[in-house]
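>
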Amino acid sequence: MVEIPSYIEIPTYATPIHGASPAMPIKSALPEPQNPHAPSSPTVSTKASNNISSILLSHALSALPVIPANLNNGQIRKPGDETLASAKDPLSLPIMSANFRRFIGKCQFIFWLQDRAEEVVFWRKGQLYTGAFMCAYTFFCFFPRLALLIPHVVLLHILFTTYQMRYPETTITSSSILGDDTTAEIAPVIQPDAYDIVVPQLVHLTWTQPTTQPLFLFLLTSLILLLPIVQIIPLRPLFLTLGLAPFLLTHPTTRQVLPPLLLRFKPYSTIILRQIINNDQMSERHWRSERREVGIWENERWTSEKGWKAGNLRAVGNGERRPWTKDVNGWSGEEGIPGAPFDGSVRSVREVNLTLPQGWSFVETENWSVDLMANWRHVIPDQDGWIYTDDAWQNPSSMPLAEWKPTGMTRSRKWIRRMYELAASH
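All the letters of the sequence shown, read from the start, carry residue numbers 122 to 547 under our numbering.
Below, the structure written as structure tokens:
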């Protein structure tokens, strides 16, 4: 029995309780609730019961919706599935770091626009420079319809600037054109969708492609033609159409119907554009001369081991073709093109030495191009101009058929180029 200190007074009606054994510490694990987000019962204590704000906060947090850890429910997204933006991979430190690097590498133009805006707003380049922008803004306030010409003016300004950069009057250092080296190092890391769609098209504005000059002439001509009629263009229907067009183009039905139609008419638009570019590059002697089109056929055979190759062609004879022939039905070896060996070592049409009639020459400003129309067959070719046939070069089709694989498949496409008469050009 534990002795009671003398300074403690025990009432006469009280009876001391004797301890049976020393109290042992009680150890227990933390509770593991089935639902970690379920509200837990607060511990009964004087402070907790009096802390009303803590109770209200706990009830408010428990009422929030539970966000699942994996929004995809463990399912792997297949290509073409319609998924929301929230169904993408959850954010994490590596993903956020990669996205930030992608943003920094591709947003240099934002800082460029910021610098140009500061030059105008804060009069950094003098009164004449800022005053010109003020006059232009005032002019647009009086004639707001001229805003329809802004795309033409912007593209023409880019073409003029890139022309001066490509053909400078004085020597320009490479650093002034390429920009900061750090951006060039970060740029390959990122592949944003919108950036990758736009940037490959900018090459047509750098005067390094044959399409730049026709584009410049088209913009300049259309700008001049739009000036007289810009006053009669109905703005409300125009802006209504431009505003509703994105919604119509992204409709599920449109997304199913429109791509096949565009793919069907893509060869026609490619041929028309290529014809315009070739005609624009021809000189006066080509226009004065008689012009004709010459074509050669490229032939290949498919095998399960090597795929599509000209080297898979069999020996000449027995109905087999050469890799390059002058006629669509190039059955015999005599119809093969001189300089194009049988073994398929000629991998490019530019390596083929085609003999032209005497007094004729190829148009120097043109190269060989694939005949995407394929009028030599009553079948629509694929996007590369190929017409597929069976093992005997029969039964043409737009795509290889599965039933042909056991016996073998073949395909052909036509390359065309224009020639002109030399006597008439002088």
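No residue lacks a Cβ here, since even glycine has one placed at the ideal position from N, Cα and C.
By Cβ distance, which residues of its chain are closer than 6 Å to Glu240, with the 5 residues on each side in sequence left out?
By 1-based counting over the sequence shown, the position of residue 240 is 119. Lys246, listed in sequence order.
> Taking the alpha carbon of Glu405 as the reference point, which residue from Leu543, Asn474 and Pro265 has its own alpha carbon closest?
Sequence index remark: in the sequence shown, residue 405 carries index 284 (1-based). Comparing Cα positions, the closest option is Leu543.
> Short of 7 Å in beta carbon distance, which residues of its chain neighbour Ala135, apart from the five on each side in sequence? Order them along the chain.
By 1-based counting over the sequence shown, the position of residue 135 is 14. Once the five neighbours on either side are set aside, Ala135 has no close Cβ partner at all.
> What is the residue span of the alpha helix (DSSP H) that Ile393 lies within?
Taking the first residue of the sequence shown as position 1, residue 393 is located at position 272. Note, Ile393: alpha helix (DSSP H), Pro373 to Gln402.
> I'd like to check one pair, Trp429 with Gly529: are the Cβ atoms closer than 8 Å?
Taking the first residue of the sequence shown as 1, we reach residue 529 at position 408. Taking the first residue of the sequence shown as 1, we reach residue 429 at position 308. No, the pair does not count as a contact, with Cβ atoms beyond the cut-off.
> Using the rule of at least 16 other Cβ atoms within 10 Å of the residue's Cβ for burial, across every protein chain shown, is Ser533 buried or exposed?
Here residue 533 is taken as the residue at index 412 of the sequence shown, counted from 1. That one is buried.
> In three-state terms, what does DSSP make of Arg538?
Reading the sequence shown from its first residue, position 417 is the one you call residue 538. If DSSP states are grouped into helix, strand and coil, Arg538 belongs with the strands.
> Let me know the secondary structure DSSP gives Arg245 once reduced to three states.
Here residue 245 corresponds to residue number 124 of the sequence shown, with the count starting at 1. DSSP places Arg245 in coil when its eight states are reduced to three.
> Mark Ser410 as exposed unless 16 or more other C-beta atoms lie within 10 angstroms of its C-beta, in which case mark it buried.
Against the sequence shown, residue 410 aligns to sequence position 289. Ser410 is buried by the Cβ-count criterion.
> Under 8 Å, Cβ to Cβ, is there at least one residue of chain B near Val275?
Chain labels in this structure do not include chain B; a single protein chain is all it has.
> Is the stretch 394-402 touching the stretch 327-346, taking contact as three or more C-beta pairs under 8 Å?
With a cut-off of 8 Å, the stretch 327-346 and the stretch 394-402 count as touching, because enough Cβ pairs lie within range.
> If we ignore side chains and look at the alpha-carbon of each, how far apart do Leu323 and Gln402 end up?
Residue numbering aside, residue 323 sits at position 202 when the sequence shown is read from its first letter. Residue numbering aside, residue 402 sits at position 281 when the sequence shown is read from its first letter. Near 21 Å, if we compare the C-alpha coordinates of Gln402 and Leu323.
> Tell me where the beta strand (DSSP E) around Gly416 begins and ends.
Within the sequence shown, numbered from 1, the residue matching residue 416 stands at position 295. Note, Gly416: beta strand (DSSP E), Arg412 to Thr424.
> If you run the structure through DSSP and keep just helix, strand and coil, what is Arg442?
Locating residue 442 in the sequence shown gives position 321, counting from the first residue. If DSSP states are grouped into helix, strand and coil, Arg442 belongs with coil.
> For the structure I just gave you, are there three or more beta carbon pairs, one from the stretch 339-353 and one from the stretch 265-275, closer than 8 Å?
With a cut-off of 8 Å, the stretch 265-275 and the stretch 339-353 count as touching, because enough Cβ pairs lie within range.
> Name the residue from Leu370, Arg412, Leu363 and Gln504 whose alpha carbon lies nearest to the alpha carbon of Val484.
Along the sequence shown, read from residue 1 onward, the residue named residue 484 stands at position 363. Nearest C-alpha to Val484: Arg412.
> Is DSSP giving Gly195 helix, strand or coil here?
To locate residue 195, count along the sequence shown from 1; it is residue 74. At Gly195 the pLDDT is 48, less than 50, meaning the model places this residue with poor confidence and gives no usable figure here.
> Could you tell me the distance, in whole angstroms, from the CA atom of Asp448 to the CA atom of Gly416?
Counting from one through the sequence shown, the residue named residue 448 turns up at place 327. Counting from one through the sequence shown, the residue named residue 416 turns up at place 295. Answer to the nearest angstrom: the Cα atoms are 8 Å apart.
> Give me the DSSP bridge partner(s) of Arg532.
Here residue 532 is taken as the residue at index 411 of the sequence shown, counted from 1. The partner list for Arg532 (beta bridge, DSSP) reads Glu421 and Tyr509.
> Where do the ends of the beta strand (DSSP E) carrying Phe483 lie?
Start at 1 with the first residue of the sequence shown, and residue 483 comes out as number 362. First-last of the beta strand (DSSP E) with Phe483: Trp481 to Phe483.
> What is the DSSP secondary structure of Ser490, reduced to helix, strand or coil?
The residue you call residue 490 lines up with position 369 of the sequence shown. Three-state result, Ser490: strand.
> Assign Leu379 to one of two classes, buried (16 or more other C-beta atoms within 10 Å of its C-beta) or exposed (fewer than that).
Working through the sequence shown from its first residue, we reach residue 379 at position 258. Counting Cβ neighbours within 10 Å, Leu379 comes out exposed, since fewer than 16 surround it.
> Give every residue of the same chain whose Cβ lies closer than 7 Å to the Cβ of Leu369, excluding the five residues on either side of it in the sequence, and list them in chain order.
Residue numbering aside, residue 369 sits at position 248 when the sequence shown is read from its first letter. So the qualifying residues of the chain are Thr375.
> Where does Ser469 fall in DSSP's three states?
Counting from one through the sequence shown, the residue named residue 469 turns up at place 348. Three-state result, Ser469: coil.
> Can you tell me whether Trp418 is buried or exposed? The criterion is at least 16 other CB atoms within 10 Å of its CB, across all chains shown.
Taking the first residue of the sequence shown as position 1, residue 418 is located at position 297. Trp418 comes out buried.
> Could you tell me the distance, in whole angstroms, from the CA atom of Arg435 to the CA atom of Tyr389?
The residue given as residue 435 occupies position 314 in the sequence shown. The residue given as residue 389 occupies position 268 in the sequence shown. Taking the straight line from one Cα to the other gives about 35 Å.
> Whole-angstrom Cβ separation of Arg442 and Trp536, contact assumed at under 8 Å?
On the sequence shown, residue 442 is found 321 positions in, with the first residue counted as 1. On the sequence shown, residue 536 is found 415 positions in, with the first residue counted as 1. Actually they do not touch by this definition, with Cβ atoms about 15 Å apart.
> With distance defined between alpha-carbon atoms, name the residue in His407, Met255, Trp233 and Leu277 nearest to Trp481.
Counting from one through the sequence shown, the residue named residue 481 turns up at place 360. Checked all of His407, Met255, Trp233 and Leu277; the closest Cα to Trp481 is His407.
> Helix, strand or coil for Ser343? Go by DSSP, reduced to three states.
Taking the first residue of the sequence shown as position 1, residue 343 is located at position 222. Three-state DSSP puts Ser343 in a helix.
> Do Leu277 and Gln341 come within 8 Å of each other at the CB atom, strictly closer than that value?
Counting from one through the sequence shown, the residue named residue 341 turns up at place 220. Counting from one through the sequence shown, the residue named residue 277 turns up at place 156. Sequence check: residue 341 is Leu here, not Gln. Yes, the pair counts as a contact, with Cβ atoms nearer than the cut-off.
> Have a look at the DSSP bridge pairing and note the partners of Lys427.
Here the question's residue 427 lines up with position 306 in the sequence shown. The partner list for Lys427 (beta bridge, DSSP) is empty, contrary to what the question assumes.
> Assign Leu356 to one of two classes, buried (16 or more other C-beta atoms within 10 Å of its C-beta) or exposed (fewer than that).
Locating residue 356 in the sequence shown gives position 235, where the first residue counts as 1. By the neighbour-count rule (16 or more Cβ atoms within 10 Å), Leu356 is not buried but exposed.
> Would you mind sorting Tyr288 into buried or exposed? The rule is 16 or more other CB atoms within 10 Å of its CB.
Start at 1 with the first residue of the sequence shown, and residue 288 comes out as number 167. Tyr288 comes out exposed.
> Between Pro321 and Gln479, what straight-line distance do the alpha-carbon atoms span, to the nearest angstrom?
Mapped onto the sequence shown, residue 321 falls at position 200. Mapped onto the sequence shown, residue 479 falls at position 358. Distance between the alpha carbons of Pro321 and Gln479 is about 42 Å.
> Using the C-alpha atoms, what's the distance from Val274 back to Ala238?
For the purposes of this step, residue 238 is taken as the residue at position 117 of the sequence shown. For the purposes of this step, residue 274 is taken as the residue at position 153 of the sequence shown. Approximately 18 Å between the Cα atoms of the pair.
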